[in-house]
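Mapping of the sequence shown onto the working numbering: position 90 corresponds to residue 97, and the numbering continues sequentially without gaps.
Positions of the beta carbon are idealized from the N, C-alpha and C atoms, including for glycine.
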Amino acid sequence: MTTVLEAVLETHGMRCACESACGHHEGKPCKRNHYERPLLAAPYPPRATDAANAAVPVEDLRPLCAPCWRAAVKAAQDRAAEERRRVLEAAQLDLFDPAAVAAG
Ligand SMILES: [Zn+2]
Ligand SMILES: [Zn+2]
C-alpha cells in the first residue's frame with residue numbers, strides 16, 4: 008500500500024517540483040529534496056482556498072518543500088484577493104457610471 012506522497016514522489020522524483028510559484032527562486036528549480044527534509048504532496052500551482060486544494064486530483068499533486076508550498080499558497084491567495092478587488096471595483100464603476108445610469 009503506497010501513500011499519496013509515495014506515489015507523487017515516485018512519479019515526479021524526490022525533489023521539490025516548485026517552478027518558482029513561491030517567488031523565492033525565480034526561474035531556477037528549488038534545490039530542496041526529500042532526503043534532507045520530507046516533502047509534501049501538494050497541488051501545484053496551489054489553488055487559493057483549502058477546499059479547492061483538497062479537491063485537486065492525485066495527478067495534479069507535486070512534491071513540494073514546506074517553504075515553497077506556504078509561499079506559493081500565499082501568492083495564490085494574494086492573486087485571488089486582488090482579482091476579487093478588481094471585480095468589485097469594476098462592479099462599482101458600473102454602478103456609479105452616469106452613462107450607465109442614464110441608459111437604465
Ligand atoms: Zn521548494
Ligand atoms: Zn519554490
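(message) Which residue wins for smallest C-alpha separation from K81, given the options P64, L68, L47, D57?
(response) For K81, the closest of P64, L68, L47, D57 by C-alpha to C-alpha distance is D57.
(message) Any heavy atom of ligand 2 inside 7 Å of the beta-carbon of H19?
(response) Outside the cutoff, so no.
(request) Under 6 Å Cβ to Cβ from C75, same chain only, skipping five residues before and after it: list those, please. (result) Within its own chain, the residues whose Cβ lies closer than 6 Å to the Cβ of C75, once the five positions on either side in sequence are excluded, are C23, C25, C29, C37, listed in chain order.
(request) Measuring alpha carbon to alpha carbon, tell me which of H19, Y42, A55 ends up nearest A88. (result) Ranked by Cα distance from A88, the first of H19, Y42, A55 is A55.
(message) Within 10 Å of its beta-carbon, does Y51 have 16 or more other beta-carbons around it, so buried, or fewer, so exposed?
(response) The residue in question, Y51, is buried, as its Cβ has 16 or more Cβ neighbours within 10 Å.
(request) Could you tell me whether any non-hydrogen atom of ligand 1 is closer than 7 Å to the CB of R39? (result) Proximity of the beta carbon of R39 to ligand 1 is indicated: a heavy atom of the ligand is located closer than 7 Å.
(message) Any heavy atom of ligand 1 closer than 7 Å to the beta-carbon of P50?
(response) No.
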